[in-house]
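> My questions will all concern the structure given below.
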Amino acid sequence: MELLFSSGLILLILIVAGVALFFYFVPVGLWITAYFSGVRLKLVRDLVGMRLRKVPPHVIVKPLITAHKAGIHLETAQLEAHYLAGGNVQKVVNALISADKANIDLSFERAAAIDLAGRDVYEAVQVSVNPKVIETPPVSAVAKDGIQVRAIARVTVRADIERLVGGAGEETIIARVGEGIVSTIGSAETHKEVLENPDRISKTVLEKGLDAGTAFEILSIDIADVDVGENIGAKLQTDQAEADLRVARAKAEERRAAAVAREQEMRALVQEMRAKVVEAEAEIPKAIAEALRKGNLGVLDYYNLRNIQADTEMRRAIGGASEEEAEGA
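Under full-length UniProt numbering, the residues of the sequence shown are numbered 1 to 329, in order.
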């Protein structure tokens, strides 16, 4: 009895597993939904074949039903190929439906190429129908009078379906508009011209054709905010003056150091000359003694010379005392 019960339980499990496996490979429910939606699919060739080709049937069938209801004829082979290539089938179908309703000429091949290029094709169609506003970050520039001006622009763009593949994105638009703002403000004679006529910026920038090579068409450029910044010219002049002052101080310090060094050299030279004078004076007694020895100088002449030296030293002493008294008075 137990053996019979175990055998029946195993048989039941096998039947349930077999039924689950059958409905996994043969999605009958999905086939019925497609049939009553007007999409004719072969149960084995199409749905079972998708399982065998590693393609989830619901990823293909549901967008196919959506496209059929919208009046767009697509083949399962097209959707499968796009899925296997790594594309988003649902977004491509939604983009085709939106483009068809907006009377935009968009084929499945182009929509698939845009999707595989990494762009959101459905969003691109939406932007093509409903233009998008891109706000630039604050752009700073300096007018010719040295005053800094900051401006914020709002760029209204519309997606160009023909240039979505290979065209530059929003970052390029923002960079080009910023470059145009800097160029326009920099060419103004004074910052007051920019403040009085902010539309001059938008007109000048718009005339440059900044949307060339991008995936967008620029419809308008509007200046949202203009503000006055720092006086860059005065700041640069102040910085230059400070730099010149530091250079002048460095040169003056260099000259002072050279003068101090020269003074030290002259003091050393004076000491050297004094040493030579002392050395020469030390030779005088030797010369007198030699003259007395050889008879070139007599004793009376020697005493007369000593008297003259004493008289000279006395005169010098008297003269030095007179100068000190005069200074004290």
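We put the CB at the ideal spot given by N, CA and C, even for glycine. Quick caveat, the model's predicted, so the values are computed rather than measured.
Specify, as a first and last residue, the run of the beta strand (DSSP E) that Thr156 falls within.
Ile147 to Ala159
> Whole angstroms are fine: how far does the CA of Ile60 sit from the CA of Glu80?
About 7 Å.
> Buried or exposed for Val127, please, with buried defined as at least 16 other CB atoms from any protein chain shown within 10 angstroms of its CB.
buried
> Under 8 Å: do the region 113–122 and the region 90–101 share three or more Cβ pairs, one atom per stretch?
yes
> Give a yes or no on whether the C-beta atoms belonging to Pro198 and Ile223 are separated by under 7 Å.
yes
> For Asp46, is the classification buried or exposed, using 16 other Cβ atoms within 10 angstroms of its Cβ as the cut-off for buried?
By the 16-neighbour rule on beta-carbons within 10 angstroms, Asp46 is buried.
> Do you know whose CA, among Asp115, Ala275 and Gly146, lies nearest Ala234's CA?
Gly146
> Would you call the region 160–180 in contact with the region 215–230, where contact means no fewer than 3 C-beta pairs closer than 8 Å?
A contact exists between the region 160–180 and the region 215–230.
> Look up Asn197 in the DSSP assignment and say whether it is helix, strand or coil.
coil
> Helix, strand or coil for Ser140 per DSSP?
In this structure, DSSP gives Ser140 an extended state, which the three-state scheme calls strand.
> Closer than 6 Å by C-beta to Ala153: which residues in its own chain qualify, once you throw out the five before and the five after it? Chain order, please.
Thr136, Val177, Ile221 and Ile223
> Hey, how far is the Cα of Lys144 from the Cα of Asn88?
Their backbone Cα atoms lie some 53 Å apart in a straight line.
> Rounded to the nearest angstrom, how far is the Cβ of Gln148 from that of Glu230, given a contact under 8 Å?
5 Å
> Between Val55 and the rest of its own chain, which residues show a CB-CB distance below 8 Å, the 5 nearest in sequence each way excluded?
Cβ contact annotation for Val55 (same chain, cutoff 8 Å, sequence separation greater than five): Glu80, Tyr83 and Leu84, in chain order.
> Would you report the Cα separation of Asp239 and His191, rounded to the nearest angstrom?
22 Å
> Ends of the alpha helix (DSSP H) at Ala243?
Ile232 to Lys294
> Please go through the region 52–117 and give each complete beta strand (DSSP E) segment of 3 or more residues, from N-terminal end onward.
none
> As a quick exercise: from Glu283, Val277, Glu75 and Phe108, pick the residue whose alpha carbon is nearest that of Leu41.
Glu75
> At which residues does the alpha helix (DSSP H) containing Val182 begin and terminate?
Glu170 to Ser187
> Verify whether the separation of the beta carbon atoms of Gly139 and Ile232 is less than 7 Å.
Correcting the residue identity first, residue 139 is Val in this sequence and not Gly. For Val139 and Ile232, no; Cβs fall outside 7 Å.
> Look up Lys208 in the DSSP assignment and say whether it is helix, strand or coil.
coil
> Compute the distance between the beta-carbons of Val129 and Ala112, then report whether it is under 7 Å.
no
> Taking C-alpha atoms, which residue in Ala77, Lys62 and Gly38 lies nearest to Arg53?
Comparing Cα-Cα distances from Arg53 to each of Ala77, Lys62 and Gly38, the minimum goes to Ala77.
> Would you tell me roughly how many angstroms separate the C-alpha atoms of Leu206 and Gly169, rounded to the nearest one?
17 Å
> Count the other CB atoms, across all protein chains shown, that sit within 10 Å of the CB of Ala287; report buried if there are 16 or more and exposed otherwise.
exposed
> Run the CB neighbour count on Val157, radius 10 Å, all protein chains shown included, and call it buried at 16 or more, exposed below.
buried
> Hey, Val182 and Ile114: beta-carbon distance below 7 Å or not?
no
> Thinking C-beta only, is Thr204 closer than 7 Å to residue 330?
Past the edges of the chain, shown from 1 to 329, lies residue 330, and the structure says nothing about it.
> Quick one: is Gly180 buried, meaning 16 or more other Cβ sit within 10 Å of its Cβ, or exposed?
buried
> Are Ile65 and Ser37 touching if we call contact CB-CB under 7 Å?
Cβ atoms of Ile65 and Ser37: closer than 7 Å.
> When the Cα of Val226 is compared with those of Lys276, Ile201 and Leu106, which residue comes out closest?
Ile201
> Tell me which residues share the same chain as Ala67 and place their Cβ nearer than 8 Å to its Cβ, disregarding the 5 neighbours each side in the sequence.
His73, Leu74, Val93, Leu96 and Ile97
> Whole angstroms are fine: how far does the CA of Ile318 sit from the CA of Glu265?
When rounded, the distance between both Cα atoms is 33 Å.
> Can Ala291 and Leu297 be called in contact, C-beta distance under 7 Å?
yes
> Look at the Cβ atom of Leu219, then the Cβ atom of Pro131, and state whether they are nearer than 7 Å.
Taking 7 Å as the Cβ cut-off, Leu219 and Pro131 qualify as a contacting pair.
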